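**Q** Just so you know, the sequence shown maps onto residues -23 to -1, 1 to 967 in mature numbering (1 follows the signal peptide of the UniProt record, and there is no 0). We put the beta carbon where it would ideally sit given N, CA and C, even for glycine. On a predicted model such as this, the values are computed, not experimentally measured, just so you know. A single structure is presented below for examination.
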Amino acid sequence: MQTVLSRSLILCAVVFAAAPVHAQEAALLHASPPRAEARQPLQLDATLVDGGKVLELFVRYRGPGEAYVQVPMERQYGDLYRAVIPAEHMVSPGVEYFVEAAMVDGARTPLFMSALRPARVMVGTQAPEPPPARGPPGRKGTREAPRSSPDIDAFAPPSGAGEDDDASRAPAPPPSNGPGTRTGTPDSRTSNRADSVDSRPGASDSRASSTPSGTDPRASNRTAASDTRAASRTDTSDPRAPARANSTDSRTSGRAGNSSDDAMAALNADLPPAPRADSRASSSSRGTLDDDLALYSAEDVLAVTTLQEGAVRTVPAIGASFNRAQMIALGARTVADVLDVVPGVSVSRDVQGFHRTAIRGLRNDAEVLFLLDGHRLNNFFDGKALMNLPVENLERIEVIRGPGSAVHGAGAFQGVVNLVTHHADGVRGAITTGGVPRDDGRLALATDGHLSAAHTTGDLRLFADLDLWTQEGDSLVIDHDALDDESVAQGLRDVDQPAGRTRDGRFFVNAGGGVSYGLDSAGRLGVTARYLSEKRDALVGLFDTVGNDSQLSWDVLLADLTWDRPLSDGGQVRARLGFDQQSTDRLFQLTPLDFRTGDGLDRLFPDGLQEQTRVTVRTVTASVDADFALAKENHLTLGLVAEQQSLSQYDYTTNYTLDGRLRPSPAAPEGLVDLTQGAASRRLNLGLSAQDQWTVLSALTLTFGLRLDATQLPDAEATGALDATRMVVRVNPRVGLVIAASDALVLKALYGRAFRAPTPQELVERIPDTDYNQGRFEGNPLLKPTTVDTFELGMDLVQAAGDTRVRVRANAFLQNFASPITPVDTSGNIVPLRNRELGVRVYGVEAEARLEASKRAVAWVNASLSRAQDLEVPEQSRLLTDVPQARFNAGVSMPLGDWLNLDVVVRSGAERRNNNRSTLELIRRYEIPAYSLITAQLRTEPIWEHFEVTLYAQNLFDHDLRDDVPRPDRVTGLLPREGVSGYLTLRAFY
């Protein structure tokens, strides 16, 4: 592995030193809507490419008989910009607009159209129907989408175009009547985004319907050195032209004889007549694949891999992305519902009720990094994350399977999940109600509501959102627990009565807001804050007994100050100062009410034996990163981050003494160490990263990344005493090779390394042992950081035949974990932690396919198979089987008439069994059968363009799904999961 590291370092140095410095001209990726509603604001989204010399973007628009009016385009995140044409200017017959940039040299340069050749949007009228001769007639009665999603093209400013008049005098290429007309640009990349279509859930293109992973948002640009996009396609050359009648390029002037053009005469009186394109114009050498890939434009955006948005198809990682339309089509209510359909990922619950995410056969809370708008959700103390948020407030969920430490540092170990909140202008609301039918005939109600709003005025942008969630939860029988004999002997229950029932009540609040302001050439300054609060029951209890009165609460505060500014040399700089605080209060009931530990009044516990743990952690983060265009198709990203984590509160109290007597009031047990004062209570992380993406040839892209991390860890003596700290340095390289073998086929070869340090809980928490508080981790101060080296091969294939498109993805991986931190039960109750010195090896394959027969008819399937082996035990006991080694997921969306859609999702997992790494694991056998869960929903098309209604059922056939428990010899029925449930959702958006 040292050879691999040294080679990657040499390659990085060669690339950085040899790349010539040459900045590209700015280009704009934008789709002009052909039609809009009268008296409704029109939102325009665009992506800026190579905008290092751009200070600001402006939209200039006009209505009938009006002069041009200017509004700024506000940067949302990444390279996405947005402007809104006010409702009072949206009058019939239409509006015209163009986009121009204020450059660093003071010039005004049009990036999309110009004053004398603007884009045209029809207002209050139907888009023109295509001539019958150009394709088969549309289906009778089909309702047309109010705002369609045309292809997204890259526009570069005309040579020497600094003013409108100059642009109008520049010779223009002959326009085409076809929907795919493209203008030459020095940048051959085409980067489509989900936000380039209407961001309203109901108005989003239905081509972004359910799929378990994203598909391509960008057209592959693997052409010859000269840009061939200047060649145009006519309607007759594209057999699908009728299906995209509304996608006509806005750069094409009005057709002769079109009544809509006559109605627009007041708008374009100064527009010179355009020559009619020859119907026999040659089609682009790229064929129709650009349009085929554009159908996936709303599905495939990833920013978590390189800190810049890119397509899943071409980023140097194995990942998936889900936008709002996809999450709705999946019938997902929470983040866990979405993650459970990702290939190679499975989600389970433990006896305490926490959702646990396993990636590629391994499950560890501290090894999957969860991010919410750039904030780490993983708790510094134990690595758990408050991740199961409602999806109504999310714009996108991104999932990377494999290491991410080269970008995100420690903790991005098995994978990274990035949650991006929705900040589009407008007002959105949703309410869901329903529940779970209990076996006692009652309906356990669950209701959640969402409300959000955002508004941009001038340089000022505001947003706010609120989620509320309340549920009673299912109540399922737990037949046996560890106190069966004692509870019966004390008369607390009869021998034929169960030990208790699960409790899954939950109350959750998610409230956030922010403001940003454009400072002209000084960049943009933003402030955001978010508060998360969860109060819930423990599903069963702490470990092996039912504790129905357990109460768990979790409060999270996230705040940050951000600043970003384009650089004059072709890049961008970003800075962030963040503060996070997490407070947990976990009260566990360990025995039934009125439980006795012996004779005497001081051994009677009216409220049962109880313990309570209160923990507060704080994190302060400062980071700076910058993007540079070293050369054409060569982009360098540099980053510096400093993070201070601290354990500010740790209180562990019980209402019983170590010998089982009732305390007058809860207090800390004898011998408990104050963890807030030790060397493990604080941690400083320093990270320096560099990443270069170099398109060597039009079909070959190399990525070299390197991150150097210095982490403050306790310096333990041989005796285990923690009296000092030391800085541990880790180097995390990443190398990626992406080859576009053809326009349809992309191949990937990837290598990456990641590391994670042990959590304070793993290092130092040691609870005094009693007969009733079993199932604890036993902290080990001698633990050392663990690393993983991952090798991956992947492919992405897109094929089209007429209106049908098929995408196939597949990848194989090999992961070698060095000194993993793994709990192996060798004592019976207290779980000792140590590094597995011989490591763990994981290998497997993942595949997915998606078939799109029409905009609303989609089918998808994915499957994964992995083998995880603990190399420290004999070969016959190496296989780790406590999470499904094989997963299969599938879904279909189909229209039921013009107004209704049916979505069906199937989630399947293979059989699970106990591991066999120790004698106790071998004795405590369990076997969980394979399962299949079906979700079905009926979903309307937008009603009056502002409302959607969804009726859906989860676990439709009430499959008896169960998860594993730490002591299957005591909780013999394992952990039952929720059964069939049904919900009704109403969404509104304005």
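1) Quick check on DSSP: helix, strand or coil for residue 974?
2) Return yes when the Cβ of residue 684 is within less than 7 Å of the Cβ of residue 383, no when it is not.
3) Return the Cβ separation of residue 965 and residue 934 in integer angstroms, given the expectation that the two are a contact with Cβ distance under 8 Å.
4) If residue 541 sits next to residue 528, beta carbons under 8 Å apart, how far is it from one beta carbon to the other, in whole angstroms?
5) Bridge partners for residue 952 per DSSP, in chain order?
6) Closest to residue 609 by CA distance: which of 669, 38, 963 is it?
7) Under a three-way DSSP split, which group does residue 301 fall into?
8) Take the Cβ of residue 432 as the centre, count every other Cβ of all protein chains shown within 10 Å, and call the residue buried at 16 or more, exposed below.
9) In chain order, which beta strand (DSSP E) runs of at least 3 residues are fully inside the segment 387 to 459?
10) DSSP puts residue 686 in a beta bridge; with which residues?
11) Apply the 10 Å Cβ neighbour rule to residue 293 and answer buried if 16 or more other Cβ atoms are within range, or exposed otherwise.
12) Does the separation of the CB atoms of residue 983 and residue 895 fall below 7 Å?
13) Quick check: what's the CA-CA separation for residue 366 versus residue 313?
14) Once you ignore the five residues that flank residue 628 on each side, which residues in its own chain have a CB closer than 6 Å to its CB?
15) Let me check one thing: in DSSP terms, what residues is residue 825 bridge-paired to?
16) Which of helix, strand or coil does DSSP assign to residue 578?
17) Can you say whether residue 952 is buried or exposed, counting buried as having 16 or more other CB atoms within 10 angstroms of its CB?
18) Whole angstroms are fine: how far does the CA of residue 6 sit from the CA of residue 605?
19) Do you know how far the Cα of residue 692 is from the Cα of residue 555?
20) Excluding sequence positions up to five away, which residues of its chain have a Cβ less than 7 Å from the Cβ of residue 649?
21) Kindly indicate the opening and closing residues of the beta strand (DSSP E) around residue 588.
22) Determine whether the beta carbon atoms of residue 557 and residue 535 lie at a separation below 7 Å.
23) Less than 6 Å between the CB of residue 459 and some heavy atom of the ligand ADP, yes or no?
24) What's the gap between the Cα of residue 737 and the Cα of residue 657?
25) Classify residue 485: buried if its beta carbon has 16 or more other beta carbons within 10 angstroms, exposed otherwise.
26) Put residue 911 into one of helix, strand or coil per three-state DSSP.
27) Report back the beta-carbon spacing between residue 325 and residue 335 to the nearest angstrom; my notes put them in contact at under 8 Å.
28) Taking residue 803 as the reference, give the member of 752, 509, 786, 353 with the closest Cα.
29) Can you tell me which of 879, 426, 569 puts its alpha carbon nearest to the alpha carbon of residue 465?
30) Could you compute how far the alpha carbon of residue 228 sits from the alpha carbon of residue 96?
31) Over the uninterrupted beta strand (DSSP E) stretch that includes residue 961, give me the two end residues.
32) Residue 381: which of 471, 77, 345 sits nearest, CA to CA?
33) Going by Cα to Cα distance, which pick from 305, 460, 482, 487 is closest to residue 969?
34) With DSSP as the reference, please indicate the residues paired to residue 32 in a beta bridge.
35) In whole angstroms, what is the alpha-carbon distance linking residue 144 and residue 544?
36) What's the gap between the Cα of residue 109 and the Cα of residue 779?
**A** Considering the structure as presented:
1) In this structure the chain extends from -23 to 967, so residue 974 is not present and cannot be described.
2) Counted from its first residue, the sequence shown places residue 383 at position 406. Counted from its first residue, the sequence shown places residue 684 at position 707. In this structure, residue 684 lies closer than 7 Å to residue 383 by Cβ.
3) Taking the sequence shown and counting its residues from 1, one reaches residue 965 at position 988. Taking the sequence shown and counting its residues from 1, one reaches residue 934 at position 957. In fact, because the Cβ distance is near 32 Å, the residues do not count as touching under 8 Å.
4) Counting from 1 along the sequence shown, the entry for residue 541 is found at position 564. Counting from 1 along the sequence shown, the entry for residue 528 is found at position 551. Wrong, their Cβ atoms sit about 42 Å apart, outside the cutoff.
5) On the sequence shown, residue 952 is found 975 positions in, with the first residue counted as 1. The beta-bridge partner set that DSSP reports for residue 952 consists of 940.
6) For the purposes of this step, residue 609 is taken as the residue at position 632 of the sequence shown. Nearest C-alpha to residue 609: 669.
7) Stepping through the sequence shown from its first residue, residue 301 is reached at position 324. Looking at residue 301 - three-state DSSP - the assignment turns out to be helix.
8) What you label residue 432 is simply residue 455 of the sequence shown in a count that begins at 1. Label assigned to residue 432: exposed.
9) 392 to 398, 403 to 414, 420 to 434, 437 to 448
10) Walking along the sequence shown from the start, residue 686 turns up at place 709. Residue pairing from DSSP places residue 686 in a beta bridge opposite 664, 707.
11) Indexing the sequence shown from 1 puts residue 293 at position 316. Buried is the call here.
12) The structure shown has nothing for residue 983, since the chain only spans -23 to 967.
13) Translated into the one-based positions of the sequence shown, residue 366 becomes position 389. Translated into the one-based positions of the sequence shown, residue 313 becomes position 336. Whole-angstrom Cα-Cα distance: 8 Å.
14) Your numbering for residue 628 matches position 651 in the sequence shown. Contacts found: 591.
15) Counting from one through the sequence shown, the residue named residue 825 turns up at place 848. According to DSSP, residue 825 bridges with 786, 839.
16) Here residue 578 is taken as the residue at index 601 of the sequence shown, counted from 1. If DSSP states are grouped into helix, strand and coil, residue 578 belongs with the helices.
17) Position 975 of the sequence shown, counting from 1, holds the residue named residue 952. Buried, because 16 or more other Cβ atoms sit within 10 Å of the Cβ of residue 952.
18) On the sequence shown, residue 605 is found 628 positions in, with the first residue counted as 1. On the sequence shown, residue 6 is found 29 positions in, with the first residue counted as 1. Near 19 Å, if we compare the C-alpha coordinates of residue 6 and residue 605.
19) Counting from one through the sequence shown, the residue named residue 555 turns up at place 578. Counting from one through the sequence shown, the residue named residue 692 turns up at place 715. Cα-Cα distance, rounded: 28 Å.
20) Within the sequence shown, numbered from 1, the residue matching residue 649 stands at position 672. Within the same chain, residue 649 has close Cβ partners 629, 745.
21) Residue mapping note: residue 588 aligns to position 611 of the sequence shown, counting from 1. Residue 588 -> beta strand (DSSP E) spans 587 to 608.
22) Within the sequence shown, residue 557 is the residue found at index 580, counting from 1. Within the sequence shown, residue 535 is the residue found at index 558, counting from 1. Result yes, Cβ atoms of residue 557 and residue 535 sit closer than 7 Å.
23) The model depicted lacks the ligand ADP and carries no ligand whatsoever.
24) As a working note, residue 737 is residue 760 in the sequence shown. As a working note, residue 657 is residue 680 in the sequence shown. Going from the Cα of residue 737 to the Cα of residue 657 covers about 6 Å.
25) Here residue 485 corresponds to residue number 508 of the sequence shown, with the count starting at 1. So residue 485 ends up on the buried side.
26) Sequence index remark: in the sequence shown, residue 911 carries index 934 (1-based). Strand.
27) Residue mapping note: residue 325 aligns to position 348 of the sequence shown, counting from 1. Residue mapping note: residue 335 aligns to position 358 of the sequence shown, counting from 1. Residue 325 to residue 335, Cβ: 7 Å. Contact.
28) As a first step, residue 803 must be located in the sequence shown, where it is residue number 826. Minimum Cα distance to residue 803 is reached at 752.
29) Sequence index remark: in the sequence shown, residue 465 carries index 488 (1-based). Checked all of 879, 426, 569; the closest Cα to residue 465 is 569.
30) Numbered from 1 along the sequence shown, position 251 holds the residue referred to as residue 228. Numbered from 1 along the sequence shown, position 119 holds the residue referred to as residue 96. Because residue 228 sits at a pLDDT of 34, beneath the cut-off of 50, its placement in the model cannot be relied upon, and the point is left open.
31) Residue numbering aside, residue 961 sits at position 984 when the sequence shown is read from its first letter. Element bounds for residue 961: 958 to 966.
32) As a first step, residue 381 is located in the sequence shown; it is residue number 404 there, counting from the start. Distances from the alpha-carbon of residue 381 to those of 471, 77, 345 put 345 closest.
33) What is shown of the chain runs -23 to 967, which leaves residue 969 out entirely.
34) Against the sequence shown, residue 32 aligns to sequence position 55. DSSP, once it has assigned bridges, lists no residue as partnering residue 32.
35) Working through the sequence shown from its first residue, we reach residue 144 at position 167. Working through the sequence shown from its first residue, we reach residue 544 at position 567. For residue 144, the predicted model reports a pLDDT of 37, less than 50, meaning its position is unreliable; a value from the coordinates is still stated below. Going by the C-alpha atoms only, they are around 26 Å apart.
36) Position 132 of the sequence shown, counted from the start, is the residue given in the question as residue 109. Position 802 of the sequence shown, counted from the start, is the residue given in the question as residue 779. Caution applies to residue 109, whose pLDDT of 47 falls short of 50 and renders its modelled position unreliable; the model cannot decide the point.
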